[in-house]
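In full-length UniProt numbering, the protein residues as written are 1 to 61. By construction, the Cβ of each residue, glycine as well, lies at the ideal position given by its N, Cα and C atoms. Just so it is clear, the structure is predicted and the values come from calculations on it, not from any experiment. Comments concern the structure below.
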């Protein structure tokens, strides 16, 4: 789920199973996200990150 305000794309919900990581799915999603932003002249992407024991290795991102 997303919303667009003042050239910013806000990602409200994004879930990705650990089973698909490292299979280039995340790269394809980022390419699609970039294309979406370019088509709509959006210059920023904002998303919240909620740290849990299952995703603590992603904190470095």
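Rounded to whole angstroms, what's the CA-CA distance from residue 13 to residue 50? Just pull it up for me.
11 Å
Residues in the same chain with beta-carbon distance under 8 Å from residue 2, minus the five sequence neighbours each way, listed in chain order, please.
The residues are 9, 10, 11 and 12.
Along the chain, where does the beta strand (DSSP E) containing residue 45 start, and where does it finish?
44 to 47
With DSSP as the reference, please indicate the residues paired to residue 8 in a beta bridge.
5 and 44
Considering only their Cβ atoms, is the gap separating residue 52 from residue 7 smaller than 7 Å?
no
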